[in-house]
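Order-wise, the sequence lines are chains A and B.
Residue -9 is where the first sequence starts when you use this note's numbering, and the numbers rise one by one after that.
Residue 248 is where the second sequence starts when you use this note's numbering, and the numbers rise one by one after that.
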Amino acid sequence: MTTAVLSKQDVLRTTLMTLRSALPELRGVLIATTDGLPIVQTMSEGTDANRVAAMAATAIGLGKRINDTLGSGILTEMSVSGLDGQVYLYAAGKGVLAVVAPAGMNLGLLHMEARDAAQSIASVL
Amino acid sequence: MSPLKLVVSGPVGAGKTTFVQTLSETAVVATEAEATEDIGKALTTVAFDFGTLNLDGQELHIYGTPGQDRFNFMWDVLCDGALGLVMLVAGDRPQDFMHARNILEYITSRFPIPFVVGVTRQDLDRVWKPADIAAFFGLPLSQVVGLNAINPADGANLLIRLLERLPLSPHNGAPPRVGSTSSPL
């Protein structure tokens, strides 16, 4: 009898699917490397996941410098919000978690679930 | 005289971050992350490098871009308002020459600003020379300069060659000399 060993990618995909089922209104979720490559993602059709992964890395990279300058310590998360939607980016160890949400979403629940997910991701990567 | 915004671009590993860090007179804002790909080094720029330099009384603001294509949105962001471009190409990476030409084409088609090409790694024994790169790019040799990116005098020389190409620059006709007493280098 053999035990299937889950690859890192499988574990990450499970984390991603858990997040999506906890927050069905999300437009997309993506886990990327800190140098901008997508690892796993479920973005909507017509969204360039490669582009989002790179932009998430750029934003986090810039966020880290801003934090350093302001003496705010290790970067945990940041967001970009528009009138029609928003994205929340979470530092996740050697990766980045990007959560794309519609405008007006319940942020309390989003942060609770997403921060949990970011911690799971950090322990895997 | 208001500061001149210059951009440094080129393929991964060309020496852009090194170039900015070597020349900057102020603490450089760098945004490096661990590279997950095999690019020959541990870190890679994911947003930009920012440094400043005063060259013969002219204040320069220098922005280094990331090199990978996936960050090409940053080439647009950083080149907005730039008055000149430095394209760096590693002289020991001929496999990147075509990519360097593509980046140059991408940027100059959107931002038709004066540029020079810097061929780095000239400290190595076996390295492609400016004349080779000039031929590859179809550029006059006057626009292609060799340098060692960790050498401040080399870096300043490359910038001076770029400044000479800017319109209405006080350097036109009377370029500052590297090593003159008024130069910080």
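Cβ coordinates follow ideal geometry from the N, Cα and C atoms, glycine included.
- Looking only at 253/B, 248/B and 249/B, the smallest Cα-Cα distance to residue 408/B is reached by 253/B.
- 40, 41, 43, 44, 45, 47, 48, 49, 50, 51 and 52: these are the residues of the region 34 to 52 of chain A whose beta carbon lies less than 9 Å from some beta carbon of chain B, given in chain order.
- Check the Cα spacing between residue 26/A and each of 370/B, 320/B and 270/B: the tightest is with 320/B.
- DSSP places residue 342/B in the helix class (H, G or I) of the three-state scheme.
- Taken in chain order, the members of the region 318 to 344 of chain B whose beta-carbon sits within less than 8 Å of a beta-carbon on chain A are 318, 320 and 321.
- Around the Cβ of residue 405/B, a 10 Å sphere holds 16 or more other Cβ atoms; the residue is buried.
- In terms of CA proximity to residue 377/B, 335/B leads the group 318/B, 335/B and 283/B.
- Distance from the CA of residue 99/A to the CA of residue 29/A, rounded to the nearest whole angstrom, comes to 24 Å.
- Across the region 11 to 27 of chain A, CB contacts with chain B closer than 8 Å involve 23, 24, 25, 26 and 27, in sequence order along the chain.
- Taking a 10 Å sphere around the C-beta of residue 267/B, we find 16 or more other C-beta atoms and assign the residue as buried.
- Assignment of residue 398/B by DSSP, reduced to helix, strand and coil, places it in the coil class.
- By the neighbour-count definition (other C-beta atoms within 10 Å, threshold 16), residue 248/B is an exposed residue.
- Going by beta carbons, residue 95/A and residue 15/A fall inside the 8 Å limit.
- The three-state secondary structure of residue 362/B, taken from DSSP, is strand.
- Rounded to whole angstroms, the separation of the alpha carbons of residue 356/B and residue 76/A is 32 Å.
- Just so you know, the alpha carbons of residue 90/A and residue 287/B end up roughly 34 Å apart.
- When the five nearest sequence neighbours on each side are left out, the beta carbons in the same chain lying within less than 6 Å of the beta carbon of residue 361/B are those of 331, 412 and 413, in order along the chain.
- The shortest C-alpha to C-alpha distance from residue 265/B to any of 302/B, 299/B and 311/B is the one to 311/B.
- Residue 285/B counts as exposed, since fewer than 16 other C-beta atoms from the protein chains shown sit within 10 angstroms of its C-beta.
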